[in-house]
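Protein chains in written order, with our numbering: chain F, 1124 to 1468; chain Y, 1124 to 1468.
Structure, as structure tokens:
Number of protein chains: 2
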Amino acid sequence: MEAVRVPKEDLHRFCVEAFGKVGVPKEEAKIVAEHLVEASLRGVDSHGVIRVPYYIEGIKKGLVNAKSSISIVKETPVSALLDGGNGLGEVVAKKAMEIAIEKAKTSGVGLAGAKNLGHVGMLAYYTKRVAENKLIGFAFANGPALVAPWGGAERVFGTNPLSYAFPTKNKPIVLDVATSATAHFKIKVAMIRGEELAPGLALDKDGNPTTDPTKAFEGILLPFGAHKGYGFSLLVTLMTVPLIDGTFDKDVVLHASTQGGFFVMAINPTLFREYEEFIEDIQRVVDTIKSTKPAKGFKEVLLPGEIEERVAEERAKKGIPIDLEVWKSFEELSEEYGVELPKPL
Amino acid sequence: MEAVRVPKEDLHRFCVEAFGKVGVPKEEAKIVAEHLVEASLRGVDSHGVIRVPYYIEGIKKGLVNAKSSISIVKETPVSALLDGGNGLGEVVAKKAMEIAIEKAKTSGVGLAGAKNLGHVGMLAYYTKRVAENKLIGFAFANGPALVAPWGGAERVFGTNPLSYAFPTKNKPIVLDVATSATAHFKIKVAMIRGEELAPGLALDKDGNPTTDPTKAFEGILLPFGAHKGYGFSLLVTLMTVPLIDGTFDKDVVLHASTQGGFFVMAINPTLFREYEEFIEDIQRVVDTIKSTKPAKGFKEVLLPGEIEERVAEERAKKGIPIDLEVWKSFEELSEEYGVELPKPL
Chain F
1124 MEAVRVPKED
1134 LHRFCVEAFG
1144 KVGVPKEEAK
1154 IVAEHLVEAS
1164 LRGVDSHGVI
1174 RVPYYIEGIK
1184 KGLVNAKSSI
1194 SIVKETPVSA
1204 LLDGGNGLGE
1214 VVAKKAMEIA
1224 IEKAKTSGVG
1234 LAGAKNLGHV
1244 GMLAYYTKRV
1254 AENKLIGFAF
1264 ANGPALVAPW
1274 GGAERVFGTN
1284 PLSYAFPTKN
1294 KPIVLDVATS
1304 ATAHFKIKVA
1314 MIRGEELAPG
1324 LALDKDGNPT
1334 TDPTKAFEGI
1344 LLPFGAHKGY
1354 GFSLLVTLMT
1364 VPLIDGTFDK
1374 DVVLHASTQG
1384 GFFVMAINPT
1394 LFREYEEFIE
1404 DIQRVVDTIK
1414 STKPAKGFKE
1424 VLLPGEIEER
1434 VAEERAKKGI
1444 PIDLEVWKSF
1454 EELSEEYGVE
1464 LPKPL
Chain Y
1124 MEAVRVPKED
1134 LHRFCVEAFG
1144 KVGVPKEEAK
1154 IVAEHLVEAS
1164 LRGVDSHGVI
1174 RVPYYIEGIK
1184 KGLVNAKSSI
1194 SIVKETPVSA
1204 LLDGGNGLGE
1214 VVAKKAMEIA
1224 IEKAKTSGVG
1234 LAGAKNLGHV
1244 GMLAYYTKRV
1254 AENKLIGFAF
1264 ANGPALVAPW
1274 GGAERVFGTN
1284 PLSYAFPTKN
1294 KPIVLDVATS
1304 ATAHFKIKVA
1314 MIRGEELAPG
1324 LALDKDGNPT
1334 TDPTKAFEGI
1344 LLPFGAHKGY
1354 GFSLLVTLMT
1364 VPLIDGTFDK
1374 DVVLHASTQG
1384 GFFVMAINPT
1394 LFREYEEFIE
1404 DIQRVVDTIK
1414 STKPAKGFKE
1424 VLLPGEIEER
1434 VAEERAKKGI
1444 PIDLEVWKSF
1454 EELSEEYGVE
1464 LPKPL
């Protein structure tokens, strides 16, 4: 796919200005822009700046509010429940993350839930920051129903990502995965490109397995890893709906600006050991994995998050590629709101 | 496979007496017996009474001690780290679970790690009890290295199970899964029966994909769900080794009586909501899943743990089937130690 490359700073400026035009307060626009640019920088394009026009559309349609109004519904020394007042998800979820970090530093563990909020972006954003605070991070978010429970032929769960991050001596280990076998977005790309899907990813709307992307797009996604992955789809829903009164997957409007509930947890390893001992032993695990002989067809063994770190380094130097279709949506925003486009490199 | 059916009470008596003969104190023998009989009752035969002769062998070989000596290494209002003195895993892990439950009741959350302990059995045993206390339970345990990281061709991780449980109005939802694509034990069964393995489960010792159970048994297991499942294999190791100073997978002796570290967490849902509201919303998720239209080839959609509950009901009535090979090992124990065999039904 052809793309325009832009520097991250100017992309950030463009996002902040565009959000400002639809009433997002500057401080909140900066948080969302930082998040989306970071996702694009790390190569997580589906959760990056591609979302800017959708978030703006979501605000205009009233699916999400331009201005968040965060209130703390319930709080203890180890926990907090936030109501986001249906504000932009990145703003509300970041606040929840900050509270979880603070509580884990003082009480050893911090759990924070957030309900009534828009799309929270890339979960790795939150868990990585928890890990950068010398804590272990977990995050869960449910979304609009697209995925069947194992053995079922109806949309019950969102693609329901979960993430964890552990600090290391260098960059944190960061896993961030959808619990669906594939993303709805990737099926759309296959549809546009006329490519067949791999088997085991989706059912058609009548519940028959399909590799036809058009049928899959109208149909039902499958969880990753069969019945085991279904257990994780369900886990995300349980942590973000009944536990914190988040919106149930089936009730979340299907739009790129929406989310159900968000849950973040921070665990302080010093509850159990000296931090230095913990990090030494993490390093041993890391070194063992990195020195593992590659299997046939693989060049090396990667840690979760390693690819994203490499892409981020490359894109920081060469600029962030914006697909032409996304660039076109930026041009439309530029025209409609009089925001200057990012300058291509 | 042919089997002898025995009542659970008499099976329990047999286990307690057999463990007693090798120096396990009665109270500890009762805990281990209760655990193994419960696993067999629920149909989790690989973690049930089949282990009795192996645990006894482990004690005789000095891999695990007949008598546990549990000490608390570090403790806070939300956490505890236990050293099990290399006692039988079920005894030590149960103690950790009780502490996590107690702390979650008083502090809202309880995290407990246990190091230096034998095989902990079936993780569902612990999380189910956490859920029966109106709490959300998580458990992790690492074991002897058998599983490659995704893209690797060496044994790095144990089959590393993880489990969660949530209370409901009726029986808890209990997920308990190995993070490997299959169990080492199941490959052995395929080898004995001369059956080919499904693809994607294992590599031979040189790192080539194989469906030959003999090659797979000497070779390397794969994680479930490709790179995503690898993330969960790694998570279990990180939670049970660097976090709590547990034995690294590669250092755990490969024997049916051994384990690395064990970690259990209990979260009190009342940190966030009234318990009744939480349970109402759990019920909505349960009802939605159970009323989902089945996919082609499925009769119904099951909740995690539902099969095990059904098997347990059936076996409570009809007795627990003991495979003839396992029965033979019981006869040998009976002869060697003068313990009366369970009476077949």
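Idealized CB from N, CA, C, for every residue including glycine.
The structure displayed is predicted, hence computed values, not measured ones.
{"Item": "What residue range does the alpha helix (DSSP H) around residue 1357/Y cover?", "Value": "1349-1363"}
{"Item": "For residue 1396/F, which of helix, strand or coil comes out of DSSP?", "Value": "coil"}
{"Item": "What residues from the stretch 1274-1288 of chain Y come within 7 angstroms of chain F, judged by C-beta to C-beta, listed N to C?", "Value": "1274, 1275, 1276, 1277, 1279 and 1287"}
{"Item": "Determine the burial state of residue 1398/F: buried for a count of at least 16 other Cβ atoms within 10 Å of its Cβ, exposed for fewer.", "Value": "exposed"}
{"Item": "Which residue's Cα is closest to the Cα of residue 1209/F: 1172/F, 1438/F, 1191/F and 1199/F?", "Value": "1191/F"}
{"Item": "In whole angstroms, what separates the C-alpha of residue 1144/F from that of residue 1182/F?", "Value": "11 angstroms"}
{"Item": "Report all residues from its chain with a CB closer than 6 angstroms to the CB of residue 1390/Y; omit the five preceding and five following residues, and keep chain order.", "Value": "1232 and 1259"}
{"Item": "Measuring CB atoms only, is the stretch 1340-1355 of chain Y touching the stretch 1246-1260 of chain Y, in the sense that at least three cross pairs come out at less than 8 angstroms?", "Value": "no"}
{"Item": "Can you list, in chain order, the residues of its chain with a C-beta nearer than 6 angstroms to that of residue 1127/Y? Leave out the 5 residues immediately preceding and following it.", "Value": "1445, 1450 and 1467"}
{"Item": "Given residue 1311/F, which residues of its chain have a CB within under 7 angstroms of its CB, disregarding the five upstream and five downstream residues?", "Value": "1340"}
{"Item": "Taking Cβ positions only, does residue 1352/F come closer than 8 angstroms to chain Y?", "Value": "yes"}
{"Item": "Would residue 1306/Y and residue 1285/Y qualify as a contact pair, given that the criterion is a beta-carbon distance under 8 angstroms?", "Value": "no"}
{"Item": "Let me see if you follow: with CB-CB separation under 8 angstroms, is residue 1320/F close to chain Y or not?", "Value": "no"}
{"Item": "Determine the chain Y residues that contact residue 1147/F at a beta-carbon separation under 7 angstroms, and present them in chain order.", "Value": "Residues of chain Y passing the Cβ test: none, with the nearest at roughly 28 angstroms."}
{"Item": "Going by the CB atoms, is the gap between residue 1281/Y and residue 1267/Y shorter than 8 angstroms?", "Value": "yes"}
{"Item": "So what does DSSP say about residue 1156/Y, is it helix, strand or coil?", "Value": "helix"}
{"Item": "If residue 1395/Y and residue 1362/Y are in contact, beta carbons under 8 angstroms, what's the gap, nearest whole angstrom?", "Value": "That belief does not hold up - the Cβ atoms of residue 1395/Y and residue 1362/Y are roughly 23 angstroms apart, past 8 angstroms."}
{"Item": "What runs of the beta strand (DSSP E), each 3 residues or longer, lie entirely inside the stretch 1160-1192 of chain Y?", "Value": "none"}
{"Item": "Compare the Cα-Cα distances from residue 1175/Y to each of 1206/Y, 1199/Y and 1241/Y and report the closest residue.", "Value": "1241/Y"}
{"Item": "To which residues of the same chain is residue 1212/F closer than 6 angstroms at the C-beta, ignoring the five residues directly before and after it?", "Value": "1240, 1241, 1242, 1243 and 1382"}
{"Item": "Indicate the three-state DSSP secondary structure (helix, strand or coil) for residue 1198/F in the structure shown.", "Value": "strand"}
{"Item": "Just to confirm my understanding: we take residue 1297/Y, look at its own chain, exclude 5 residues before and 5 after, and list those with CB closer than 8 angstroms. What are they?", "Value": "1247, 1250, 1251, 1254, 1286, 1287, 1288, 1427, 1428 and 1431"}
{"Item": "Do the CB positions of residue 1349/Y and residue 1164/Y come within less than 8 angstroms of each other?", "Value": "no"}
{"Item": "List the residues of chain Y that residue 1419/F touches, going by C-beta distances under 9 angstroms, in chain order.", "Value": "1276, 1326, 1329, 1330, 1331 and 1332"}
{"Item": "Against chain Y, which members of the stretch 1198-1230 of chain F pass a CB distance test of less than 7 angstroms?", "Value": "1199, 1201, 1202, 1204 and 1230"}
{"Item": "Can you find at least 3 beta carbon pairs, one from the stretch 1265-1279 of chain Y and one from the stretch 1328-1335 of chain F, that sit closer than 8 angstroms?", "Value": "no"}
{"Item": "Please say whether residue 1404/F and residue 1364/Y have beta carbons closer to each other than 8 angstroms?", "Value": "yes"}
{"Item": "Restricting to runs no shorter than 3 residues, where is the beta strand (DSSP E) found entirely within the stretch 1269-1354 of chain F?", "Value": "1285-1289 and 1296-1300"}
{"Item": "Figure out for me which residue from 1136/Y, 1402/Y and 1214/Y has the closest Cα to the Cα of residue 1194/Y.", "Value": "1214/Y"}
{"Item": "Cβ closer than 7 angstroms: which chain F residues qualify as neighbours of residue 1348/Y?", "Value": "1347, 1348, 1351 and 1352"}
{"Item": "Please go through the same chain and pick out, in chain order, the residues whose beta-carbon is closer than 7 angstroms to the beta-carbon of residue 1323/F, but skip the five residues on each side of it.", "Value": "1304 and 1345"}
{"Item": "Please give the ranges of any beta strand (DSSP E) in the stretch 1421-1453 of chain F, keeping only runs that are unbroken, at least 3 residues long and fully inside the region.", "Value": "1443-1446"}
{"Item": "Looking at residue 1443/F: is its Cβ nearer than 8 angstroms to the Cβ of residue 1129/F?", "Value": "yes"}
{"Item": "Contact criterion: CB-CB distance below 8 angstroms. Does residue 1489/Y meet it with respect to chain F?", "Value": "Missing from the structure shown is residue 1489/Y; chain Y here goes from 1124 to 1468 and no further."}
{"Item": "Note down, in chain order, each residue of its chain lying with its Cβ closer than 6 angstroms to the Cβ of residue 1283/Y, except the 5 sequence neighbours on either side.", "Value": "1265, 1302, 1356 and 1359"}
{"Item": "Please state whether the Cβ-Cβ distance between residue 1351/Y and residue 1347/F is less than 8 angstroms.", "Value": "yes"}
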